Amino acid sequence: MTALLKDKYAIVGTGHSRIGKVPELSDYGLQLTAIKNALDDAGLKKQDIDGLLTHSHLLGAVRVHHQCVSERLGINTDFGVSLSSGGATSGLMAQIAVAAIEAGFCKTVLCVHGDKGRTRESHDFRELSPDYLREYGMFSATAQHALGMTRHMHEYGTTHDQLGAIAVAFRKHASLNPEAQMREPITLADYHRSRWVVWPFHLLDCCQVSDGAAAFIVTSAERARDLRQPPVYVMGMGRANNSRGWIYGDHMLELAAKESGAKAFRMAGLTPADIDTAQLYDCYTYIVLATLEDYGFCKKGEGGAFVEGGRLELGGALPTNTSGGMLSEGYVEGMLQIVEAVRQLRGQAAARQIPDAETAIVSGNGGNTVCHSTLILRR
Amino acid sequence: MGYAKPIPVVIDENRPFWEATKRGQLLLQHCRNCSAYRYPASLLCPECSSTAFDWKPVSGRGKVYSFVIFHRAYHPAFAGDLPYVVACIELQEGPRLMSNVIGIPPEQVRCDMPVEVAFEEISKEISLPKFRPVTVRS
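So the protein sequences, as listed, match chains S and H.
So for the first sequence, this note's numbering puts the first residue at 2; every next one is plus one.
So for the second sequence, this note's numbering puts the first residue at 3; every next one is plus one.
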């Protein structure tokens, strides 16, 4: 069924705010900046938007968030929903946009997410994480994901040199991205010297905390052809949830990425060998490694060897997170991965352009990596 | 003053678990229909959806499935404990639960290490089930 949707819809506009420290803008200021940039990019007016998807999560969690956004943007929509599937939401917004247009709910969908993660004043982790078994001192997404890394090291002998190769590669890419939050190149020695947060994670295994927002617009391939930018077609879509939880079964080792990726490849009619660039949800280095395994770029347990030797760097066999990813460009919960994939496929990535990039895979993980979404895009 | 760390929230669904740890016993819900043990406490058996269950004592023995070592205090009351271990313990009866591994330096904890429960009284009402390495017998 979903194969019938292959190439039928396209991403026609993207935009983002400044990323990093943006104290002068509110949550809505960041989101509206991203929206305005995405509309300008597509050559659309706000009146052309009849569907709005937002993400109601993160620090500024509000109910009926899409209504708050459309009120400030000054539009009525035929279809509007606020979603919450953590870092899987960004990719799911694209998929739900496709489904909503296919169902006839609307014709052109604006998807937006982002907030004031860095400079918000009341930033209290203790309030944020009521579910983390605080009585045992279990706090933070960092510790949750670190549990997976420990077990992966135990089962497969994965090393810190291998995780470090991911951090070094993405920082190298960020150094070519004038908009990235962290642009100073790092070495493997810098990685090893960075402090432990929750072992086995060094500080440089962890993504940035950022102010920032991003937006993208989805419409039919037919409408896309009349717009300002070359369309980026949605070839494949996948989604899955390891809903028994992170500590259940082998979920720490085999993410929902496996099933989600398989669905997306099946719909696109492609295999990992056909992918020119990966834009992966890199909340932590380990999740990049595990996602590459689960998508079938290498076998389970061989991710450590796969990421070494510059394979993920520009000029390598699978340039990954070419804008720096959340580890270095900034954290907008997976939105910037979609923005960068589109940029690469349009040939607009300037100093970090992958020559003739035709296909990209984008991943998203949420709910401490039990929810997953996958997009395969082409120019 | 006194105990400054967070205290678990006891609700009707998990009350038998916490009443038992107070007595030095580990009790889990056991499904009357499919015999699966489950944790955390829940109305439904996640295996067969039966709502019929008994609270049954379990061995308190298991292994470290995975673990992490905190080097940062996310809550001020844990600052004095750094570095400390939080582990995912797989009980012999099947369920996994999060707890601390105690009685061993953090750098000596390993995945699959056999452990057994040890109760730590934190208040008049609550004792936390923690885990320590099982002494190897030859």
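The beta carbon of each residue, even a glycine, is placed where N, CA and C say it ideally should be.
Just so you know, these numbers come straight off a predicted model, no measurement behind them.
Spatial neighbours of residue i within its chain, please: C-beta separation below 7 Å, excluding the five flanking residues on both sides.
i: A75 (chain H); result: A81 and L84
i: V63 (chain S); result: S57 and C69
i: R226 (chain S); result: P232
Taking a contact to mean a Cβ-Cβ separation below 7 Å, would you say residue i touches residue j in this structure?
i: A175 (chain S); j: E314 (chain S); result: no
i: R135 (chain S); j: P8 (chain H); result: yes
i: S364 (chain S); j: T292 (chain S); result: yes
i: G326 (chain S); j: F140 (chain S); result: no
i: L319 (chain S); j: A342 (chain S); result: no
i: L337 (chain S); j: A144 (chain S); result: no
i: L290 (chain S); j: G302 (chain S); result: no
i: L45 (chain S); j: H67 (chain S); result: no
i: L232 (chain S); j: A35 (chain S); result: According to the sequence shown, residue 232 (chain S) is Pro rather than Leu. Result no, Cβ atoms of P232 (chain S) and A35 (chain S) do not sit closer than 7 Å.
i: D8 (chain S); j: Y234 (chain S); result: yes
i: N322 (chain S); j: D357 (chain S); result: no
i: V340 (chain S); j: T15 (chain S); result: yes
i: C372 (chain S); j: N242 (chain S); result: yes
i: H73 (chain H); j: D56 (chain H); result: no
i: Q209 (chain S); j: V308 (chain S); result: no
Using a C-beta cutoff of 7 Å, does residue i count as contacting chain S?
i: M100 (chain H); result: yes
i: S68 (chain H); result: yes
i: C90 (chain H); result: yes
i: I71 (chain H); result: yes
i: R134 (chain H); result: no
i: R74 (chain H); result: yes
For residue i, go through chain S and note every residue whose CB falls closer than 7 Å to its CB, in chain order.
i: F222 (chain H); result: Chain H is shown from 3 up to 140; residue 222 (chain H) falls before or after that span and cannot be answered.
i: P10 (chain H); result: E136
For residue i and chain H, any beta-carbon pair shorter than 7 Å?
i: L290 (chain S); result: no
i: H161 (chain S); result: no
i: T55 (chain S); result: no
i: R152 (chain S); result: yes
i: V385 (chain S); result: No statement about residue 385 (chain S) is possible, as the shown extent of chain S runs from 2 to 380 and does not include it.
i: S141 (chain S); result: yes
i: A318 (chain S); result: no
Under 7 Å between beta-carbons, which chain H residues line up against residue i? List them in chain order, please.
i: L134 (chain S); result: M100
i: L164 (chain S); result: Those do not exist, as L164 (chain S) stays about 14 Å from chain H at its closest Cβ, beyond 7 Å.
If you draw a straight line from the C-alpha of residue i to the C-alpha of residue j, how long is it?
i: I362 (chain S); j: G237 (chain S); result: 9 Å
i: T3 (chain S); j: A269 (chain S); result: 9 Å
i: A181 (chain S); j: T159 (chain S); result: 29 Å
i: G62 (chain H); j: L28 (chain H); result: 6 Å
i: E294 (chain S); j: F266 (chain S); result: 14 Å
i: V65 (chain S); j: H153 (chain S); result: 39 Å
i: G75 (chain S); j: Y86 (chain H); result: 52 Å
i: K37 (chain S); j: H114 (chain S); result: 13 Å
i: A100 (chain S); j: S71 (chain S); result: 21 Å
i: A147 (chain S); j: G246 (chain S); result: 15 Å
i: A39 (chain S); j: N35 (chain H); result: 55 Å
i: G335 (chain S); j: V219 (chain S); result: 16 Å
i: M253 (chain S); j: G368 (chain S); result: 13 Å
i: F106 (chain S); j: Y157 (chain S); result: 47 Å
i: T55 (chain S); j: S85 (chain S); result: 9 Å
i: R112 (chain H); j: F69 (chain H); result: 8 Å
i: Q280 (chain S); j: G92 (chain S); result: 11 Å
i: S324 (chain S); j: R353 (chain S); result: 8 Å
i: G316 (chain S); j: K173 (chain S); result: 12 Å
i: A351 (chain S); j: Q48 (chain S); result: 31 Å
For residue i, which residues from the same chain have a beta carbon less than 8 Å from its beta carbon, with the 5 sequence-adjacent residues on both sides left out?
i: E15 (chain H); result: A43, S44 and L45
i: F133 (chain H); result: G64, V66, A89, I91, S101, N102, V103, I104, V117, E118, V119 and A120
i: P97 (chain H); result: L30, Y39, R40 and Y41
i: I128 (chain H); result: I9, P10, V12, W20, T23 and K24
i: P78 (chain H); result: A6
i: R224 (chain S); result: V13, K108 and T109
At 8 Å on the CB atoms, spell out the chain H contacts of residue i, in chain order.
i: H155 (chain S); result: S68, R112, C113 and D114
i: D205 (chain S); result: It should be noted that the sequence gives Leu, not Asp, for residue 205 (chain S). Going along chain H, no residue has its Cβ under 8 Å from L205 (chain S), so there is no contact; the nearest lies around 14 Å.
Counting only Cβ pairs nearer than 8 Å, list the residues of chain S close to residue i.
i: I13 (chain H); result: Result: empty, since nearest Cβ-Cβ is about 13 Å, beyond 8 Å.
i: P48 (chain H); result: R245
Got a sec? Which residues, its chain only, sit under 6 Å from residue i by beta carbon, not counting five neighbours each side?
i: L30 (chain H); result: Y39, Y41 and V60
i: K117 (chain S); result: D28 and D212
i: G88 (chain S); result: Y282, E334, G335, G365, N366 and G367
Please compile the residues from chain S whose C-beta is within a distance smaller than 9 Å of the C-beta of residue i.
i: L130 (chain H); result: E136 and Y137
i: Y5 (chain H); result: Going along chain S, no residue has its Cβ under 9 Å from Y5 (chain H), so there is no contact; the nearest lies around 10 Å.
Do residue i and the ligand MN come close, with the Cβ less than 6 Å from some heavy atom?
i: G165 (chain S); result: Looking at this structure, you won't find the ligand MN or any other ligand, since it has none at all.
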